[in-house]
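Worksheet: the structure to be examined is printed underneath.
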């Protein structure tokens with residue numbers, strides 16, 4: 001009796017092991033198929049991209065843009081400014097410091113200029129209404 005039970009148990013264990021091995025093999029096959037499909041998709045994508053890039057390169061507009069960008073890369077940067085050229089970037093004389101304060105554009109010397117009468121004057125009516 002015991003021997004028969006042991007034999008049955010061994011047979012069951014062997015069957016279980018065989019089933020597990022078969023399942024593992026199936027899983028491996030599925031994984032391999034998935035990998036192959038992914039590789040095929042990648043190859044298709046690469047082919048599509050290369051065709052797209054070839055069309056793009058053959059396009060005359062793209063050639064012009066590429067030539068311009070290449071020229072922009074190859075041209076050297078402009079030389080640094082000399083001190084005399086640098087003066088052009090300083091503040092105009094109307095904005096220079098006068099005793100530590102910025103000169104106002106409405107100082108008396110500017111009000112004597114020909115267009116000064118067109119500057120907005122103080123509106124007395126508005127201040128009277130809203131005291």
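In UniProt numbering, the protein residues as written are 1 to 131.
Glycine included, each C-beta is placed from N, C-alpha and C at the ideal position.
Boundaries of the alpha helix (DSSP H) around residue 74: 60–74. Inclusion of residue 56 and residue 62 in the CB contact set at 7 angstroms is warranted, their separation being smaller than that value.
Taking C-alpha positions only, residue 33 is separated from residue 78 by approximately 59 angstroms.
Assignment of residue 49 by DSSP, reduced to helix, strand and coil, places it in the helix class. Each residue's CA atom was taken as its position, placing residue 27 and residue 35 some 12 angstroms apart. Residues of the same chain with their beta carbon placed closer than 8 angstroms to that of residue 13 are lacking, with the five preceding and five following residues left out of the count.
Rounded to the nearest whole angstrom, the C-alpha separation of residue 42 and residue 29 is 20 angstroms. Per the coordinates, the alpha-carbon of residue 80 lies some 28 angstroms from the alpha-carbon of residue 65.
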